[in-house]
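Chains as they are written, first to last, in the numbering used here: chain A, 743 to 964; chain B, 173 to 317; chain C, 39 to 349.
Backbone N, C-alpha and C fix where the C-beta goes; we use that ideal spot for every residue, glycine too.
Some notes on the structure that comes next.
What follows is the structure in structure tokens.
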């Protein structure tokens, strides 16, 4: 799922300076799962904003709403009534959701309440870790299911580097050395030959380096 | 100008804190009338929004009272509540309220005197902090005086 | 190892002749003053067969390796240009390889590079278009096939003697010899190891390397760094990833009176070199006297390695 973190409160307050009526719009997708932008978080942020503005003597009116997702036109459509009613929509969706909303509602500023950070999953509830860099050419076959691009700080394809210490990355003792993990796994899967073969230079065109990407299902085009 | 009498909301779990409150009552122990008790089945039911709403509606102080750690009637409810209360302290700090306005306490149903003591001490703490900037009643009163 | 020279560099000639080779290291300045390099060159001249010029080491911005290498050439010495994968993509890398070779550089060391988090610009974008093994292979393709990575012909192939680093002291230990094997398969000509303090571990690694027959495919130079003080020894033991400093050495430095510590550090370095000369598969030594370049000559002399041969 896509993981994000709520922006610092002061930053959000600054975005709303001079604005009197807003909607705080949550998303029922990834950000609900990672406890950052779902209905609960909409209520918490709205309460905080009302309190902070009351304290200033400059109250703000907030409509609280959560959509199933903000990255699908059929759901984005459902915000129409509310969109014409407010000065600003503060979206708690990931960057993708904010942009789809902005594209659809051209007359209302859509502001991001989150900093979208990475693609990953839960180690356990409330603890999310990065796993995928969306490079567009998955190498997990060669590396025992552990991604060298996302999890190695240098994205080495023929690691480990000389900074690997006791299974941890040189940049941070809490970050696992991806190549240590890969080697351990390849060993247990009896696939060490996949290490000895040199992994060729990556074609970064499938990554964001090649420009913004798209994916099309031909059978769904009418 | 009337003296500041804080409004304190206490979220109490049915099995321990509320029981202690009952006992304090039967023992005729005195504790401040500022406390408004809200009874929950377990402090595990508390999520940040409960506590934020209390402050939003003008509470000067809020506390959560549950069973002693290790003795929660629902096994882990009070353990789940604790980090939520700590997190909410940060949330109210972001808004500009002092984190000391929010607290969590643990007690058993047999601890009537402790319930009264917590109530007294917390109300005193809030008196020192002064009214919450969101306490409209007090601010309206003081304007009228 | 074939009969023809790959680059004809002095380092290559010395190694091929079977003489125990010596390389030194020179750190470029944090400014545009060429005099700093010239001064260092004067201290180092004739003390080694070639001198590494670091490339934004520890991700701290310094005068580039390629330009410092050219200044060194002007001073009549032979540089080993270093290139890390952290800062350049393959276009810039191939371009700088051509540029370095055109300006007279004959040796190149291919490294991954320290993560930018350690340096003075941690906000920088992480490039790592290639890794060190792919970089080695790139130089080999350019030199021996006369082609760019795109497959197109190079008009004037760069003749570079390809080097890399090896760190027997990083984890996991079991993979360090196989990793050298990968670098050999990629086309490396010589490697310099991380500085050796734990001789026992180093010897274990060399045994694995010799068992794999790698010592016959690549020239291995053992890295040696003299301690300036106990403080430096302790810092290296605790704060540098991939560094292994045994307690006995720390104790030895600690129990030496402060004014004698530098001398002791040099003594240890010379002892290490003497040990290296006896290990099977070692072709030379790489002396890294970090910000202490004036001592390289003294160490080489005390280890009986001067004067350097002129071939």
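Min CB distance residue 158/C to chain A below 7 Å: no
On the three-pair Cβ rule with 8 Å, is the stretch 247–256 of chain C touching the stretch 292–305 of chain C? No: fewer than three Cβ pairs fall under 8 Å.
Around the C-beta of residue 85/C, are 16 or more other C-beta atoms found within 10 angstroms, so that it is buried, or is it exposed? buried
Going by DSSP, what residues sit across from residue 89/C in a beta bridge? 62/C, 117/C.
Where do the ends of the beta strand (DSSP E) carrying residue 951/A lie? Counting along the chain, residue 951/A sits inside no beta strand (DSSP E), nor does DSSP assign it H or E at all.
Would you list the one or two residues that DSSP bridges to residue 185/C? Residue 185/C is bridged by DSSP to 191/C.
From residue 943/A to residue 879/A, what distance separates their C-alpha atoms? 12 Å
Using 8 Å as the cut-off, can you tell me whether the stretch 150–165 of chain C makes contact with the stretch 907–915 of chain A, which would need three or more C-beta pairs spanning the two stretches below that distance? yes
Between residue 195/C and the rest of its own chain, which residues show a CB-CB distance below 7 Å, the 5 nearest in sequence each way excluded? 180, 181, 184
Taking only the alpha-carbon atoms, compute the straight-line gap between residue 935/A and residue 889/A and give it to the nearest angstrom. The straight-line gap separating the alpha-carbon atoms of residue 935/A and residue 889/A is approximately 17 Å.
Contacts of residue 225/B in chain A (Cβ-Cβ under 9 Å): 785, 789
Quick check on residue 177/B: does DSSP put it in helix, strand or coil? coil
At a cut of 8 Å, does the stretch 298–305 of chain C reach the stretch 328–344 of chain C through at least three beta carbon pairs? yes
For chain A, is any of its Cβ atoms less than 7 Å away from the one on residue 216/B? no
Segment contact, 8 Å Cβ cut-off, at least three pairs: the stretch 236–243 of chain C with the stretch 261–272 of chain C: no
Using a Cβ cut-off of 9 Å, which residues of the stretch 181–195 of chain C contact any Cβ in chain A, in chain order? 187
Residues of the stretch 895–910 of chain A with Cβ closer than 9 Å to any Cβ of chain C, in chain order: Those residues of the stretch 895–910 of chain A that come within reach of chain C (Cβ to Cβ, closer than 9 Å) are 895, 896, 897, 898, 899, 900, 901, 902, 903, 904, 905, 906, 907, 908, 909, 910.
Taking Cβ-Cβ distances shorter than 9 Å, what residues in chain A pair up with residue 155/C? Chain A residues near residue 155/C: 895, 912, 913, 914.
Roughly how many whole angstroms lie between the Cα atoms of residue 871/A and residue 315/C? 48 Å
Verify the CB distance criterion: does residue 268/B have a CB-CB separation below 7 Å to chain A? yes
Nearest-angstrom Cα distance between residue 778/A and residue 274/C? 42 Å
Ignore the nearest five residues each way along the sequence and tell me which others in residue 225/C's own chain have a CB closer than 7 Å to its CB. 174, 175, 178, 200
Run through DSSP, which three-state label would residue 278/B get? Secondary structure at residue 278/B: strand, using DSSP grouped into helix, strand and coil.
Starting from the C-beta of residue 318/B, find all residues in its chain whose C-beta is less than 6 Å away, skip the five residues before and the five after it, and write them out in chain order. Since the first residue shown for chain B is 173 and the last is 317, residue 318/B is missing from the structure and cannot be characterised.
To the nearest angstrom, report how far apart residue 166/C and residue 126/C are at their CA atoms. 7 Å
Do we get a CB-CB distance below 7 Å when we pair residue 793/A with the residues of chain B? yes
Give the secondary structure of residue 187/B by DSSP, where H, G and I count as helix, E and B as strand, and everything else as coil. If DSSP states are grouped into helix, strand and coil, residue 187/B belongs with coil.
For residue 276/C, report the span of its alpha helix (DSSP H) as first-last. 268–277
Mind checking the stretch 918–934 of chain A against chain C and listing, in chain order, the residues whose C-beta falls within less than 7 Å of any C-beta there? 922, 925
Can you look up residue 860/A in the DSSP assignment and give me helix, strand or coil? strand
How about the stretch 335–346 of chain C and the stretch 78–92 of chain C: do they share at least three Cβ pairs that are nearer than 8 Å? yes
Quick one: which unbroken beta strand (DSSP E) runs of 3-plus residues sit fully inside the stretch 192–278 of chain C? Chain order, please. 199–204, 228–233, 257–262
Neighbouring residues, chain C, relative to residue 938/A (Cβ below 9 Å): What residue 938/A touches in chain C: 216, 219, 220, 223.
Is residue 745/A helix, strand or coil by DSSP? Taken through DSSP and simplified to helix, strand or coil, residue 745/A comes out as strand.
Between the CA atoms of residue 770/A and residue 314/B - distance to the nearest angstrom: In this predicted model, residue 314/B has a pLDDT of only 46, less than 50, meaning its place in the structure is not dependable; the value taken from the coordinates is given anyway. Using only the alpha carbons, I get a separation of about 44 Å.
Quick check: residue 226/B and residue 287/B, are their CB atoms within less than 7 Å of each other? no
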